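See structure below.
Residue numbers (this note's numbering): 275 to 351.
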């Protein structure tokens, strides 16, 4: 299994959970308001793989979260 095909899209989906961007690519898990830890760990993993510092703030604005998800997605594309 290619990690770019399965893992990156899933982790980016986690970063977008709970933001307006979620409507375009909803998660296939039970909705939860407790996503801070999951988002932080997903951002750390994506940043590590991309070789960049983790700048994602799970408590940041929706716009920040969506921008960082897109940035990491593009770096790993």
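Built from N, CA and C at the ideal position, the CB exists for glycine as well.
None of the values given here were measured: they were computed from a predicted structure.
Alpha carbon to alpha carbon, how far is residue 324 from residue 284? Taking the first residue of the chain shown as 1, we reach residue 324 at position 50. Taking the first residue of the chain shown as 1, we reach residue 284 at position 10. Approximately 15 Å, taken between the alpha carbons.
Please state whether the Cβ-Cβ distance between residue 308 and residue 332 is less than 7 Å. Position 34 of the chain shown holds residue 308. Position 58 of the chain shown holds residue 332. For residue 308 and residue 332, no; Cβs fall outside 7 Å.
Residues in its own chain within less than 6 Å of residue 320 by CB, not counting five upstream and five downstream? Indexing the chain shown from 1 puts residue 320 at position 46. The answer, listed in chain order, is 285, 346.
Rounded to a whole number of angstroms, what is the C-alpha to C-alpha distance between residue 290 and residue 340? The residue you call residue 290 lines up with position 16 of the chain shown. The residue you call residue 340 lines up with position 66 of the chain shown. C-alpha separation (whole angstroms): 6 Å.
In whole angstroms, what is the alpha-carbon distance linking residue 292 and residue 316? If you number the chain shown from 1, residue 292 lands on position 18. If you number the chain shown from 1, residue 316 lands on position 42. Using only the alpha carbons, I get a separation of about 14 Å.
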